[in-house]
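Novice: Pasting a structure here, questions to come.
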Amino acid sequence: MSDDLEIFYSEVLKSLPNEVGMQEFVISKNILQVPDEFPTTHNLRIDISEHVYGSLKVETLLFYAPKRTYRSLGLLIFAGMFSELTECTLHITHPDSDITSIKIMFDRPELKNVMPGFTEKPFAFSYWPDEIQTHPWQTIEMNDFEFPHFIINDGIDSYVKQGEGNVVEGFGNDRATALFADLLLNIGGDENSCERIELECGPYYK
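Counting from 16, one number per residue, gives the positions in the sequence shown under our numbering.
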């Protein structure tokens, strides 16, 4: 069953390539728009679980969705990245989802905080469908803090006690955000047969 998010990007979804490594598709604001009102989806469910590292318990997120929904979320992320927005919220209406919304934050440096030299701004992404595996970023050489991150809060306070959050905020700088959006497009590809994706920082899993 389609929902607001998938309907909004239905035409772009038809054009997205599926065959691994055989066709480039340039994603830009010329073909993507951010909905005037923050969209909703009932096809995405995100549960909160926990993972134990020795004596440390951390919250983990479990995503469940049809392939089409993953691709639609990836397109929404890119649309926001190529716009002037500082954030975009996707409301989740699935009745069993622990998470009720995803707040996507975009890297918008202020003039007073720019680094020496010129400042770059993302305007397009060259998408090539790719095969993915359970740990899709294991071979990427990058600082752990530069990978996409997910913060669970209540939408008001940045940090809340474990078990009290219902909003996911992410995903880091432009590179991290694009990395996650690209993964979502590949998860939703027709040729993807990997049904379990694990994103975990540390020396072994990414």
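Backbone N, C-alpha and C fix where the C-beta goes; we use that ideal spot for every residue, glycine too.
Values in this document were obtained by computation on a predicted structure and should not be read as measured data.
#1: By DSSP, does F97 sit in helix, in strand, or in coil?
#2: DSSP three-state call for G178: helix, strand or coil?
#3: Given this structure, state the Cα-to-Cα distance separating G203 from L77, to the nearest angstrom.
#4: Tell me, which residues are paired with G185 by DSSP?
#5: Looking only at its chain, what residues have a beta carbon closer than 8 angstroms to the beta carbon of E34, apart from the 5 residues adjacent to it on each side?
#6: Where N168 and S116 are concerned, what is the direct C-alpha to C-alpha distance, given to the nearest angstrom?
#7: Our contact map puts E21 next to R83 with C-beta atoms below 8 angstroms; I'd like the distance itself, whole angstroms only.
#8: I'd like to check one pair, K29 with S98: are the Cβ atoms closer than 8 angstroms?
#9: Taking the beta strand (DSSP E) that D62 falls in, what are its first and last residues?
Specialist: Taking the definition as stated:
#1: Here residue 97 refers to the residue found at position 82 of the sequence shown. Here DSSP, grouped into helix, strand and coil, assigns F97 to coil.
#2: Position 163 of the sequence shown, counted from the start, is the residue given in the question as residue 178. In the structure shown, G178 sits in coil (DSSP, three-state: anything other than H, G, I, E or B).
#3: Position 188 of the sequence shown, counted from the first residue, corresponds to residue 203. Position 62 of the sequence shown, counted from the first residue, corresponds to residue 77. In this structure, the CA atom of G203 is about 16 angstroms from the CA atom of L77.
#4: Position 170 of the sequence shown holds residue 185. Partner(s): I119.
#5: By one-based count along the sequence shown, residue 34 stands at place 19. Counting only residues of its own chain and dropping the five nearest sequence neighbours on each side, E34 has a CB closer than 8 angstroms to the CB of P144, E206.
#6: By 1-based counting over the sequence shown, the position of residue 168 is 153. By 1-based counting over the sequence shown, the position of residue 116 is 101. Distance between the alpha carbons of N168 and S116 is about 10 angstroms.
#7: Position 6 of the sequence shown, counted from the first residue, corresponds to residue 21. Position 68 of the sequence shown, counted from the first residue, corresponds to residue 83. That pair is a contact at about 6 angstroms.
#8: Here the question's residue 98 lines up with position 83 in the sequence shown. Here the question's residue 29 lines up with position 14 in the sequence shown. Going by C-beta atoms, S98 is not nearer than 8 angstroms to K29.
#9: Mapped onto the sequence shown, residue 62 falls at position 47. Run containing D62: 60-68, per the beta strand (DSSP E) assignment.
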